[in-house]
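Same order as they appear, the protein sequences are chains A and B. Each residue of the first sequence is one higher than the one before, counting from 233 in my numbering. Each residue of the second sequence is one higher than the one before, counting from 233 in my numbering. Report on the following structure.
There are 2 protein chains.
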Amino acid sequence: MKRDSRLSGVLHVLLHMAETQSPVTSEAMARAMQSNPVVIRRIMAGLRDAGFVRSEKGHGGGWTIARDLAAITLRDVYAALGSPALFAMGNRTDAPGCLVEQAVNAALNGAYADAEALLLERFGSVTLAGLSADFHARIIASGKSIDLETVHAA
Amino acid sequence: MKRDSRLSGVLHVLLHMAETQSPVTSEAMARAMQSNPVVIRRIMAGLRDAGFVRSEKGHGGGWTIARDLAAITLRDVYAALGSPALFAMGNRTDAPGCLVEQAVNAALNGAYADAEALLLERFGSVTLAGLSADFHARIIASGKSIDLETVHAA
DNA sequence: ACCCTCGCAACATATGAAGTTACATGAAGC
DNA sequence: GCTTCATGTAACTTCATATGTTGCGAGGGT
C-alpha cells in the first residue's frame with residue numbers, strides 16, 4: 233500500500249517556514265522537499281483555508297505562517313489536510329448483511345477507534361512550537377546549518 | 233488511499249469455516265466473499281504456514297481449522313498475514329539528513345508507535361472464539377440463517 | 001508592459017491490493 | 001490407469017489513489 237506522506241511533508245514545510253522571516257515560495261519549498269510547486273500548493277491549500285498560513289501573490293510573495301506556532305497542534309494540521317484515513321487496513325464491506333462480518337467489523341472497528349483516539353490525542357498534545365524546539369535542540373547537538381536551501385541541496 | 237482488507241476478509245472466512253464440520257473449498261469461500269479462489273488461497277497461505285489452518289487436495293478437500301478457536305487471536309492472524317502496515321500515513325523520508333525532518337519524524341513515529349502498541353494489544357486480547365461467541369449472540373438476536381452460501385447469496 | 005507568484009483544472013505516472021488466467025501437483029473415485 | 005476435484009503458484013490484468021506535470025488564468029509588484 234502506498235502511504236500518504238502529506239502530514240509529514242506539510243510539517244516539514246511549516247517548520248522551515250518558521251525559520252525565515254520573509255515569505256517562502258512554493259517553488260523554493262518544492263526544491264527543498266524534492267517535490268513540485270503544485271503539490272505544495274495543493275497541500276497548503278487546506279492550511280490556508282484553516283487560517284494557519286497566508287499566501288501572497290506577486291513579487292516578494294509566497295507563504296507565511298499566520299499564527300503563533302504554540303497555537304497549532306499536529307492534530308490541527310492533520311484536520312486541515314482533510315483528516316485523511318489513518319489506518320491502512322479497512323473492512324472488506326461496510327454495513328454487511330452477514331452477521332459474521334458484522335461481528336468481525338465490530339471487533340476491528342472498536343480496536344481502530346481506540347487506536348485512533350490515542351493517536352489524535354497524541355497529535356493534539358504536540359504543537360509546532362514544540363517541534364521547533366526539538367529541532368533547535370538538534371541543531372545545537374549537531375552544529376549543522378539551518379538554511380532551507382543548503383540543508384536540502386542534495 | 234486504497235485500504236487493505238485482508239485481515240477483515242480472512243477473519244470472515246475463518247469464522248465461517250468454524251461453523252462447518254467439513255472442509256470448505258477456496259471456491260466456496262470465494263463465492264461467499266464475492267471474491268476469487270486464488271485470492272483466498274493467497275490470503276490463507278500465511279495462516280497455513282503459521283499452522284492455524286490445514287489444506288487438503290482432491291475430492292472432499294479444502295480448508296479446515298487446525299486449532300482451538302480460543303487459541304487464535306486477531307494478533308496471530310494479523311501476524312500470519314505478514315504484519316502489513318497498519319497506518320495509512322508514513323514519513324516523507326526515512327533517515328533524513330534534514331534536522332527538521334528528523335524532528336518531525338521523531339514526533340510522528342512516537343505517536344504511531346504508541347497507537348500501534350495499543351492496537352496490537354487489542355488484537356491480542358480478542359480470540360476467534362470470542363468473535364464466534366459474538367456472532368452467535370447476533371444470530372440469537374436476529375433469528376437469521378447461518379449457512380455460508382445462503383447468507384451471502386446475492 | 002513585464003515579471004513573479006499563487007489557484008486550479010486536467011492529464012500523466014507509479015505503486016500496490018485485488019482479480020484473473022494458466023498450468024502443475026496431488027488425492028479420491030471410478 | 002484415468003478422470004475429476006482441489007490446492008499451489010507464477011504471471012498477468014485491473015483498479016484506486018498518492019504523487020508529479022503541464023497549461024493557463026488571476027492578481028500583485030516593478
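Think of the CB as a built atom: it goes at the ideal place given N, C-alpha and C, for glycine as much as any other residue.
Have a look at residue i and residue j and give me their C-alpha separation to the nearest angstrom.
i                : j                : result
Leu331 (chain B) : His368 (chain A) : 9 angstroms
Leu301 (chain B) : Ala361 (chain B) : 5 angstroms
Asn268 (chain B) : Arg370 (chain B) : 27 angstroms
Ile275 (chain A) : Val242 (chain A) : 7 angstroms
Val271 (chain B) : Ala262 (chain B) : 8 angstroms
Ala386 (chain A) : Leu318 (chain A) : Only weak support is given to the placement of Ala386 (chain A): the predicted model assigns it a pLDDT of 42, under 50, and the value that follows is read from those uncertain coordinates. So the alpha carbons of these two residues sit roughly 31 angstroms apart.
Ser287 (chain B) : Ser315 (chain A) : 42 angstroms
Leu340 (chain B) : Ala260 (chain A) : 24 angstroms
Taking CB distances under 8 angstroms as the criterion, tell me whether residue i reaches chain B.
i                : result
Phe284 (chain A) : no
Gln253 (chain A) : no
Gly322 (chain A) : yes
Asp300 (chain A) : no
His244 (chain A) : yes
Asp236 (chain A) : yes
How about residue i and residue j: are their beta carbons less than 8 angstroms apart?
i                : j                : result
Leu313 (chain A) : Arg238 (chain A) : yes
Lys234 (chain A) : Met233 (chain B) : yes
Ser258 (chain B) : Arg280 (chain B) : no
Ile247 (chain A) : Val245 (chain B) : Residue identity differs from the one stated: residue 247 (chain A) is Leu in this sequence, not Ile. No; because the gap between Cβ atoms is not below 8 angstroms, this pair is not in contact.
Ala349 (chain B) : Arg354 (chain A) : no
Ala311 (chain A) : Ala347 (chain B) : no
So with CB distances below 8 angstroms, who are the chain B contacts of residue i?
i                : result
His248 (chain A) : Val332
Leu340 (chain A) : Leu239, Ser240, Leu243, Leu306
Out of the options, point me to the one whose CA is closest to residue i's CA.
i                : options                                : result
Ala250 (chain B) : B:Ile272, B:Arg299, B:Met233           : B:Arg299
Gly278 (chain A) : A:Pro255, A:His244, A:Val309           : A:Val309
Asn323 (chain B) : B:Ser364, B:Ala349, B:Ala338           : B:Ala338
Ala345 (chain B) : A:Leu352, A:Gly342, A:Leu340, A:Asn341 : A:Leu352
Trp295 (chain B) : B:Pro255, B:Gly283, B:Ile304, B:Ala282 : B:Pro255
Ala282 (chain A) : A:Gly290, A:Gly292, A:Ala303, A:Ala264 : A:Ala303
Phe284 (chain A) : A:Thr359, A:Asp366, A:Ser374, A:Ile372 : A:Thr359
Along chain A, in chain order, which residues have C-beta atoms closer than 7 angstroms to that of residue i?
i                : result
Leu350 (chain B) : Asp346, Ala347, Leu350
Let me see if you follow: with CB-CB separation under 8 angstroms, is residue i close to chain A or not?
i                : result
Val358 (chain B) : yes
Ala385 (chain B) : Any reading at Ala385 (chain B) must be qualified, since the residue scores a pLDDT of 49, below 50, and its modelled position is unreliable; no value is offered.
Met276 (chain B) : no
Quick one: list the residues of chain A neighbouring residue i, beta-carbon separation under 9 angstroms, in chain order.
i                : result
Val271 (chain B) : Those do not exist, as Val271 (chain B) stays about 11 angstroms from chain A at its closest Cβ, beyond 9 angstroms.
In chain B, which residues lie with their C-beta within 7 angstroms of the C-beta of residue i?
i                : result
Asp326 (chain A) : What Asp326 (chain A) touches in chain B: nothing, since even the nearest Cβ is about 10 angstroms away.
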